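Student: Quick one: the structure is below, questions incoming.
2 protein chains.
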Amino acid sequence: MNAIAGYTFGTEQVTHSPLTLNDLELLKQTVLFTNEDERYLRLAGEVLEDQIDAVLDVWYGFVATNSHLAYYFSNAGQLNSDYLTAVRQRFAQWILDTCNRPYDRDWLNYQQEIGLRHTYAKKNQTDRVEATPHIGMRYMIAFIYPIAATIKPFLSNKGHSAEDVENMYQAWFKSITLQVTLWCAPYAKDAYF
Amino acid sequence: MNAIAGYTFGTEQVTHSPLTLNDLELLKQTVLFTNEDERYLRLAGEVLEDQIDAVLDVWYGFVATNSHLAYYFSNAGQLNSDYLTAVRQRFAQWILDTCNRPYDRDWLNYQQEIGLRHTYAKKNQTDRVEATPHIGMRYMIAFIYPIAATIKPFLSNKGHSAEDVENMYQAWFKSITLQVTLWCAPYAKDAYF
Ligand code: HEM
Ligand code: HEM
Numbered sequence: 000m001n002a003i004a005g006y007t008f009g010t011e012q013v014t015h016s017p018l019t020l021n022d023l024e025l026l027k028q029t030v031l032f033t034n035e036d037e038r039y040l041r042l043a044g045e046v047l048e049d050q051i052d053a054v055l056d057v058w059y060g061f062v063a064t065n066s067h068l069a070y071y072f073s074n075a076g077q078l079n080s081d082y083l084t085a086v087r088q089r090f091a092q093w094i095l096d097t098c099n100r101p102y103d104r105d106w107l108n109y110q111q112e113i114g115l116r117h118t119y120a121k122k123n124q125t126d127r128v129e130a131t132p133h134i135g136m137r138y139m140i141a142f143i144y145p146i147a148a149t150i151k152p153f154l155s156n157k158g159h160s161a162e163d164v165e166n167m168y169q170a171w172f173k174s175i176t177l178q179v180t181l182w183c184a185p186y187a188k189d190a191y192f
Numbered sequence: 000m001n002a003i004a005g006y007t008f009g010t011e012q013v014t015h016s017p018l019t020l021n022d023l024e025l026l027k028q029t030v031l032f033t034n035e036d037e038r039y040l041r042l043a044g045e046v047l048e049d050q051i052d053a054v055l056d057v058w059y060g061f062v063a064t065n066s067h068l069a070y071y072f073s074n075a076g077q078l079n080s081d082y083l084t085a086v087r088q089r090f091a092q093w094i095l096d097t098c099n100r101p102y103d104r105d106w107l108n109y110q111q112e113i114g115l116r117h118t119y120a121k122k123n124q125t126d127r128v129e130a131t132p133h134i135g136m137r138y139m140i141a142f143i144y145p146i147a148a149t150i151k152p153f154l155s156n157k158g159h160s161a162e163d164v165e166n167m168y169q170a171w172f173k174s175i176t177l178q179v180t181l182w183c184a185p186y187a188k189d190a191y192f
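Chains as they are written, first to last, in numbering that gives the first Met the number 0: chain A, 0 to 192; chain B, 0 to 192.
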């Protein structure tokens, strides 16, 4: 596999999350995330592995047809397709990471990094592009719905029982909620997170 | 019906949301909220109406058994049961409002009010209690999962088809995502929302 440009998971370039592993544990409890969810995410990883391009086509289609979202990949009203392509590879890797990585200190740090890359602090830097400087927190949180819901049909494409599909979907939904929560840390006022 | 203490929906006491109705429209688009979802929320309202106490028992049970959450209804480690009871009535009304109210300017303003009531700005004031002064944004966002997921069994308690139940559940999930998004506005740094 070629290295993915700008994907710095586990390296020293990644920022440090201000959260402790205990903070993470409490958040996992809050979204009811258990070892069983971890197992269903691994299964989802197998199911999604060869469908990632199709998943990304759905999400990119959604962004492209909503001008208030396409705006964030644009400069002066012009969509930057190099930017879209560069991010797409990290997005694909993120789907695999969501399913397969342990949610440990490295993972927690990279969540902070992803959050920052959506904000004034770091957006556009990784791909050295000129584009809208910041993604409003409102859309980060709102995206929980489409990112959770649109995965379900893909989870049922490999002949798993309705119960397994539902369990994979719930594990995915919990993980997305958890990750978006972590990504919003840099958006909050001091002591508000 | 007796007036609910502290429930100020539609009155002059409610703060004004900084969002425009167009901002709300874009958020509805982002969570894929349509007129059909509105219809399914109305149906959910009928289904949930006489089960609200049971729903609240589940949610309160979840808060009570998680000390990091019970903390927000407590003062010096002591749970304040008057506070829990006062909020419970507004919570019950909120379930009905989520299902039955039009999402208009009054509704938008009350979302800002609810958000503020979870923060340093307004928490504890409505019920004139002494308790933890602020609920961290992390738990607001994380709560999307339990508040969405735990409603599903209640939606299937009245003999509706699996398809209707699923549609009510999705409409509910969209609405929760939308509302938590709006509630997080007061948490964000200036120009970050
Ligand atoms: C559930 C919500 C979201 C998920 C799961 C998600 C996922 C991701 C991932 C995995 C990356 C790459 C991270 C990396 O650099 O390794 C990324 C970057 C990016 N996302 Fe999101 N995202 C979300 C919300 C949004 C929203 C609402 C927008 C607005 C259209 C958006 C636009 C972007 C852009 C422009 C980048 C590139 C940032 C940069 O310049 O480095 N994302 N996103
Ligand atoms: C999806 C997330 C949440 C929902 C749907 C929700 C719902 C509500 C509602 C409807 C009210 C009453 C609003 C009114 O005054 O009319 C309220 C108040 C309250 N909620 Fe939440 N809430 C959420 C997150 C949380 C979290 C994470 C906690 C922490 C345990 C919490 C604790 C409280 C407290 C203490 C109050 C009373 C605030 C005051 O002093 O006025 N809520 N909530």
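A virtual CB, placed ideally from N, CA and C, is assigned to each residue, including glycine.
Predicted model, so just to flag it, every value in this text is computed and none were measured.
Measuring straight from C-alpha to C-alpha, what distance separates A/His-67 and B/Lys-157?
Tutor: In the first sequence, counting from the first residue as 1, residue 67 of chain A sits at position 68. In the second sequence, counting from the first residue as 1, residue 157 of chain B sits at position 158. Approximately 39 Å between the Cα atoms of the pair.
Student: So is the beta-carbon of B/Leu-107 under 7 Å away from any non-hydrogen atom of ligand 1?
Tutor: Indexing the second sequence from 1 puts residue 107 of chain B at position 108. No, ligand 1 has no heavy atom inside 7 Å of this Cβ.
Student: B/Tyr-191 versus chain A: which residues are under 9 Å apart at the beta carbon?
Tutor: Position 192 of the second sequence holds residue 191 of chain B. Residues of chain A passing the Cβ test: Thr-118, Tyr-119, His-133, Gly-135, Met-136, Pro-185, Tyr-186, Ala-187, Lys-188.
Student: Helix, strand or coil for B/Ala-187? Go by DSSP, reduced to three states.
Tutor: Numbered from 1 along the second sequence, position 188 holds the residue referred to as residue 187 of chain B. DSSP places B/Ala-187 in strand when its eight states are reduced to three.
Student: How should B/Leu-20 be labelled, buried or exposed, when 16 other C-beta atoms within 10 angstroms of its C-beta is the threshold for buried?
Tutor: The residue you call residue 20 of chain B lines up with position 21 of the second sequence. Classification of B/Leu-20: exposed, given that the 10 Å Cβ count is below 16.
Student: Could you give the distance in angstroms between the alpha-carbon of A/Glu-112 and the alpha-carbon of A/Ser-16?
Tutor: Start at 1 with the first residue of the first sequence, and residue 112 of chain A comes out as number 113. Start at 1 with the first residue of the first sequence, and residue 16 of chain A comes out as number 17. Distance between the alpha carbons of A/Glu-112 and A/Ser-16 is about 8 Å.
Student: B/Lys-173: which of B/Gly-5, B/Gly-9, B/Leu-26 sits nearest, CA to CA?
Tutor: Working through the second sequence from its first residue, we reach residue 173 of chain B at position 174. Measuring from the Cα of B/Lys-173, the nearest candidate turns out to be B/Leu-26.
Student: May I ask you to check if the CB of A/His-117 is nearer than 7 Å to at least one heavy atom of ligand 1?
Tutor: Within the first sequence, the letter at position 118 stands for residue 117 of chain A. Under cutoff, so the answer is yes.
Student: Going straight from the alpha carbon of B/Val-57 to that of B/Thr-84, what length do you get?
Tutor: The sequence position of residue 57 of chain B within the second sequence is 58, counting from 1. The sequence position of residue 84 of chain B within the second sequence is 85, counting from 1. Between B/Val-57 and B/Thr-84, the C-alpha separation is close to 15 Å.
Student: Any Cβ of chain A within less than 8 Å of the Cβ of B/Tyr-144?
Tutor: Your numbering for residue 144 of chain B matches position 145 in the second sequence. B/Tyr-144 counts as touching chain A.
Student: Could you give the residue range of the alpha helix (DSSP H) that holds B/Arg-41?
Tutor: For this step, residue 41 of chain B is matched to residue 42 along the second sequence. Where B/Arg-41 is concerned, the enclosing alpha helix (DSSP H) stretches over 34-47.
Student: Does the beta carbon of A/Asn-270 sit closer than 8 Å to a beta carbon anywhere in chain B?
Tutor: Since the displayed chain A opens at 0 and closes at 192, residue 270 of chain A lies outside it and no answer follows.
Student: For A/Val-86 and A/Arg-127, I'd like the C-alpha separation in whole angstroms.
Tutor: As a working note, residue 86 of chain A is residue 87 in the first sequence. As a working note, residue 127 of chain A is residue 128 in the first sequence. Spanning the two alpha carbons is a distance of roughly 12 Å.
Student: Short of 7 Å in beta carbon distance, which residues of its chain neighbour A/Arg-41, apart from the five on each side in sequence? Order them along the chain.
Tutor: Within the first sequence, numbered from 1, the residue matching residue 41 of chain A stands at position 42. Taken in chain order, the residues that qualify are Cys-98, Asn-99.
Student: Could you tell me whether the Cβ of A/Ala-141 comes closer than 8 Å to any Cβ of chain B?
Tutor: The count along the first sequence starts at 1 and reaches residue 141 of chain A at position 142. True, the Cβ-Cβ gap to chain B drops below 8 Å.
Student: Give the range of the alpha helix (DSSP H) segment to which B/Lys-137 is assigned.
Tutor: Numbered from 1 along the second sequence, position 138 holds the residue referred to as residue 137 of chain B. Looking at the sequence shown, residue 137 of chain B is not Lys but Arg. Residues 136-141.
Student: Kindly indicate if chain A contains any beta-carbon less than 8 Å away from that of B/Val-164.
Tutor: The residue you call residue 164 of chain B lines up with position 165 of the second sequence. With 8 Å as the cut-off, B/Val-164 does not count as an interface residue toward chain A.
Student: Tell me, to the nearest whole angstrom, how far the beta carbon of A/Val-54 is from that of A/Ile-94; I am working on the premise that it is less than 8 Å.
Tutor: Taking the first residue of the first sequence as 1, we reach residue 54 of chain A at position 55. Taking the first residue of the first sequence as 1, we reach residue 94 of chain A at position 95. 7 Å between Cβ atoms; contact.
Student: Any residue with its C-beta under 6 Å from a non-hydrogen atom of ligand 1 counts. Can you list them all in chain order?
Tutor: Spelled out in chain order, the answer is A/Gly-5, A/Tyr-6, A/Val-62, A/Leu-68, A/Tyr-71, A/Phe-72, A/Val-86, A/Arg-89, A/Phe-90, A/Trp-93, A/Ile-113, A/Arg-116, A/His-117, A/Lys-122, A/Asn-123, A/Thr-125, A/Asp-126, A/Ile-134, A/Tyr-138, A/Met-139, A/Phe-142, A/Ile-143, A/Ile-146, A/Ile-175, A/Val-179.
Student: Got a sec? Which residues, its chain only, sit under 6 Å from A/Tyr-109 by beta carbon, not counting five neighbours each side?
Tutor: In the first sequence, the residue the question calls residue 109 of chain A occupies position 110. These residues qualify, in order along the chain: Phe-8, Val-13.
Student: What are the residues in the region 13-41 of chain A lying within 7 Å of chain B by C-beta distance?
Tutor: Hits within the stretch, in order: Leu-25, Leu-26, Gln-28, Thr-29, Val-30, Leu-31.
Student: Quick one: any contact between the region 127-142 of chain A and the region 34-48 of chain A, if contact means 3 or more CB pairs under 8 Å?
Tutor: The region 127-142 of chain A, when compared against the region 34-48 of chain A, does not touch it at the 8 Å Cβ threshold.
Student: Can you give the Cα-Cα distance for A/Lys-188 and A/Ser-80, rounded to whole angstroms?
Tutor: As a working note, residue 188 of chain A is residue 189 in the first sequence. As a working note, residue 80 of chain A is residue 81 in the first sequence. Straight-line Cα distance between these residues: approximately 33 Å.
Student: Got a sec: which bits of the region 52-64 of chain B sit with their beta carbon under 9 Å from any beta carbon on chain A, in order along the chain?
Tutor: The region 52-64 of chain B vs chain A, Cβ under 9 Å: Phe-61.
Student: Along chain A, which residues have their Cβ under 8 Å away from the Cβ of B/Gln-124?
Tutor: Sequence index remark: in the second sequence, residue 124 of chain B carries index 125 (1-based). Ordered by position in chain A, no residue passes the 8 Å Cβ test against B/Gln-124, which lies about 17 Å from the chain.
Student: A/Asn-74 by DSSP, collapsed to three states: which one?
Tutor: For the purposes of this step, residue 74 of chain A is taken as residue 75 along the first sequence, with counting starting at 1. A/Asn-74 falls in the strand class under three-state DSSP.
Student: I want to verify the contact list: residues of chain A whose CB lies under 7 Å from the CB of B/Phe-172, in sequence order.
Tutor: Counting from 1 along the second sequence, the entry for residue 172 of chain B is found at position 173. Correct list: Tyr-144.
Student: Which residues, in chain order, does the region 72-103 of chain B contribute to contact with chain A at a C-beta distance below 9 Å?
Tutor: The region 72-103 of chain B vs chain A, Cβ under 9 Å: nothing.
Student: Let me make sure I understand the geometry here. Which of B/Ala-147, B/Pro-145, B/Leu-177 has the alpha-carbon closest to that of B/Thr-29?
Tutor: Position 30 of the second sequence, counted from the start, is the residue given in the question as residue 29 of chain B. Here the closest residue by C-alpha is B/Leu-177.
Student: Let me confirm a value: A/Ala-170 is counted as buried when at least 16 other C-beta atoms fall within 10 Å, else exposed. Which label applies?
Tutor: Numbered from its first residue, the first sequence carries residue 170 of chain A at position 171. Under this definition A/Ala-170 is a buried residue.
Student: Which runs of the beta strand (DSSP E) fall wholly inside the region 48-111 of chain A and span at least 3 residues, in chain order?
Tutor: Here no run is fully enclosed.
Student: Is the Cβ of A/Val-128 closer than 8 Å to any Cβ of chain B?
Tutor: Reading the first sequence from its first residue, position 129 is the one you call residue 128 of chain A. Answer no: the Cβ-Cβ gap between A/Val-128 and chain B never drops below 8 Å.
Student: Could you work out which residues of chain A lie near B/Val-179, taking near to mean beta carbons separated by less than 8 Å?
Tutor: Start at 1 with the first residue of the second sequence, and residue 179 of chain B comes out as number 180. Correct list: Ile-140.
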